[in-house]
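Take a look at the structure below.
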Amino acid sequence: MSAEQVLTRASGESLVEVRDLVKHFPITRGVLFQRKVGAVQAVDGVSFDVKRGETLGIVGETGCGKSTTARLLTRLLEPTSGEVRFDGQEITKLKGARLKAVRREVQMIFQDPYSSLNPRKTVGATIAQPLVIHGLADGKGERKRAVQELMEMVGLNPEHYNRYPHEFSGGQRQRIGVARAVALKPKLLIADEPVSALDVSIQAQVLNLLLDMQRQLGLTLIFIAHDLSVVRHMCDRVAVMYLGRVVELGPGEALYGFPRHPYTGALLSAVPVADPELRTDERNLLSGDVPSPANPPKACRFHTRCPKAQERCSIEDPVLEDKGTGTEAACHFPLEREELAQIGVRSAR
Amino acid sequence: MSAAEPLLRVEDLHVEFPTEDGVVHAVDGVSYEVDRGRTLGIVGESGSGKTVSSLTTLGLTRTQGARVSGRIVFEGKDLVALSEGELRAIRGNDIAMIFQDPLSSLHPFFKVGTQLIEAVRVHQDVSKQAARARAVELLGLVGIPDPGKRVDAYPHEFSGGMRQRAMIAMALANEPKLLIADEPTTALDVTVQAQILQLLQRLQGELGMAIVIITHDLGVVAQTADDIAVMYAGRIVERASTKRLFAGPEHPYTWGLLKSIPSLTGTRKEQLVPISGSPPSLINRPPGCHFHPRCPYSQPEHARIDPRLEPVTDDPSHRVACLLETSLRRRLWAELSDGNTPEQARASVGLPAPQEPVASAADAPGEMPEVGL
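See the structure below:
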């Protein structure tokens, strides 16, 4: 890659461009001749951009495809179709050295700090691993120094270089995960539910650490979580996913202040707020559970649970479009302002 | 029994587990009451003893070699002193419990209906047909669609929310006077969580039962509980009505919890103030106030003196275990409510900084250095 190319790439506004990303997991029958009998449509036509230096939040309930999206962006999974452009480069078809180069720029933090660290490796070796893989910080002394600097940066005692993961608490393990992820100074960090396994008092430590890292290293962050308050705190823009699709996308203030998609509204009204003065007995609760992604409803996937659904919703698939209040929503009959109080959305402003 | 007698009164409960590494002081002198038809929320982090104290109420820690002392008085009977057989007559009948993980608390091998019928027939002398009719009725009561058919389904055929509903149905089988719900919605998505919480409230209204809800989520207790007990390291550190606890919390740990959760409605850029360090080991607890190593307001004597849970001067129903003076605490909380950091709050009330570094939690591998948080 020439220096000129690097320049043109770096000048683009978006670091990541996702277009019509699809991932279907086949469901098969039979042992010897596996017939495909269906597909779990985990991600089904997702498009969004992530701007340089911003934090994009992805929220949604279990099975909405948020983790699958993360794994597609890091190429831990191969997409069924669609494009992912990272820094101007299409990465879904990359192989070998060029894929490795991209992986250096894209790092991930996982949900479970217990199972995402190798119990038989010292913390030092775990954090050094990415440096070794990418041939950085050659020589034992230099590598050790680099690792200890990282440990210091994430708030771990560098003297604990030779300890094993079981000697650390959950919050400290998540710090190890952060140190490993930022070791290569990546451009993009994807955090998949980084605090959901942690206690309340520890959560805030890790959230602050992530914000701190982002400031220090100029990271672009994709933050995946099911907790709407945490996402609001962390993110500039938020994408709400439902059954493999993005149903609403926009800046945090607009999306939380005036949600247009009824699903976003339902999510916001369902969050228990830590303030007894805001106790609402009349809430717009969705009935039933999320349908199976192996057999999602036709047209608008939310119409089976939507309080505003009409005939059109089961015939015509809504597209994600600007609704004039700051967010894009995929809905034929978006929420109006006067409906917010009715459904129990305590809008933030 | 006098009318003023609460339904459940826990007095100075201690639960200890002897282990190879030492004695785990899981519950250390906990007292609380629950009145008929009321909801008590017990809030705490993992390892704070909130679950063990409730399991002990049902005698479920007996088999684990726990040493239990204190009294658990339910309708005038001390449950700690009852025999296993006497306790079995109460468990699942007058006191029922629902657990966090509905998948592992239903037997995968038996139909949901079979398990419900068993729950009914253990305590009531009714025919199989009558019990089955009751099972169908219960499933309908908790909002499972088409209960007549669903009664013959296996747990794996239910979604997470439906399993939790089935668990609730089972707990309600004998119209308990007290329902203990241990993290009933933690494994569920928000929209389903809201459904389950609303269901519990509706059923409480219909059946008049008391509920003890155990959770780490302050939002859940704010929305459901009448009274709240905050637990830390096996003890209750603060107890008050829900309104009072959120309007004027008195314990630095409660402040820490409230300040470390991002809000859905406040201003977004508000900085989160985490509690530094991590919860202590229950084998080797810090001396004095158990919270002092993590407390930004701790003073040298707090490492020696063990605070008792005592009423706040102007409100006997609000109890707190803290060595700071009430007036000082009020000023600190006022500063924190204005968005100041603990350091700023401390400076403005003229409290010296803790001498030992905050956050040398007892069980952490060495101390966790103060991060730029």
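As you go down the protein sequences, you meet chains A and B in turn.
Under my numbering, residues 14 to 362 are what the first sequence spells out, in order.
Under my numbering, residues 70 to 442 are what the second sequence spells out, in order.
Ideal Cβ positions, reconstructed from N, Cα and C, are used throughout, including at glycine.
The beta carbon of B:A200 lies closer than 6 Å to those of I186, V189, R190 in the same chain, with the five residues before and after it left out. Rounded to the nearest whole angstrom, the C-alpha separation of B:L287 and A:E91 is 40 Å. Closer than 9 Å at the C-beta level to chain B, one finds these residues of the stretch 236-248 of chain A: H239, D240, L241, S242, V243, V244, R245, H246, M247. Per DSSP, B:S310 is one residue of the beta strand (DSSP E) stretching across 304-310. Excluding the 5 residues flanking it on each side, B:L351 has same chain C-beta neighbours closer than 7 Å at V93, H94, A95, G116, A302, G303, in chain order. With a cutoff of 7 Å on beta-carbon distance, B:A235 and B:V220 are scored as not near each other. Closer than 9 Å at the C-beta level to chain A, one finds these residues of the stretch 271-302 of chain B: H285, D286, L287, G288, V289, V290, A291, Q292, T293, A294.
By the rule that beta-carbons nearer than 7 Å mark a contact, A:P285 touches chain B. Taking the CA atoms as reference points, A:R133 sits about 19 Å from A:L169. Not a single C-beta of chain A is nearer than 7 Å to the C-beta of B:S367. In the DSSP assignment, B:Y301 falls within the beta strand (DSSP E) that extends over 296-301. Of the other Cβ atoms in all chains shown, fewer than 16 fall within 10 Å of the Cβ of A:A354; this residue is therefore exposed. Secondary structure of B:G113 (DSSP, three-state): coil.
Pairing A:E74 with A:C319, the inter-Cα distance amounts to about 15 Å. One alpha carbon belongs to B:V99, the other to B:V79, and they sit about 7 Å apart. Under the three-state reduction of DSSP, A:V115 is assigned to helix. Shown here is that no member of the stretch 129-160 of chain A has a Cβ falling below 7 Å from a Cβ of chain B. Boundaries for B:T125: no beta strand (DSSP E) harbours it, while the alpha helix (DSSP H) harbouring it runs 119-126, taken from the DSSP string. If you draw a straight line from the Cα of B:P423 to the Cα of A:A217, it comes to about 22 Å.
For the stretch 218-234 of chain A, residues whose beta-carbon sits nearer than 8 Å to a beta-carbon of chain B comprise Q218, L220, N221, L222, D225.
Annotation: the continuous alpha helix (DSSP H) that includes B:I159 extends over 153-159.
Assigned with DSSP and collapsed to three states, A:T82 falls in helix. Within the stretch 203-288 of chain B, the complete alpha helix (DSSP H) runs of at least 4 residues fall at 216-219, 229-241, 259-276. The C-beta distance from A:S80 to A:D205 rounds to 6 Å, short enough to fall under 8 Å.
When the Cα atoms are used, B:Q198 and B:A279 turn out to be separated by approximately 30 Å. For B:A135, the closest C-alpha among the options B:R107, B:D170, B:P87, B:P214 is that of B:P87. Residue environment analysis places B:Y101 among the buried positions, since at least 16 neighbouring C-beta atoms fall within 10 angstroms of its C-beta.
According to the DSSP assignment, B:S396 belongs to the alpha helix (DSSP H) that extends over 395-406. Residue B:F168 holds the alpha-carbon nearest to the alpha-carbon of B:I282 among B:P216, B:S332, B:F168.
Interface flag for A:S182 against chain B is set, since a Cβ pair is found closer than 7 Å. Within 10 angstroms of the beta-carbon of A:H173 lie 16 or more other beta-carbons, which makes it buried. Judged by their CB atoms, A:Q54 and A:P306 are nearer to each other than the 7 Å cut-off. Counting the other Cβ atoms within 10 Å of the Cβ of A:T87 gives 16 or more, which makes it buried.
Within the model, the alpha-carbon separation for B:I374 versus B:D147 is close to 32 Å. Sequence-distant partners of A:E261 (beyond 5 residues in either direction) whose C-beta falls short of 6 Å from its own C-beta, in its chain, are V253, H274, T277, T340, A342. For A:D225, the enclosing alpha helix (DSSP H) has its first and last residue at 213-230.
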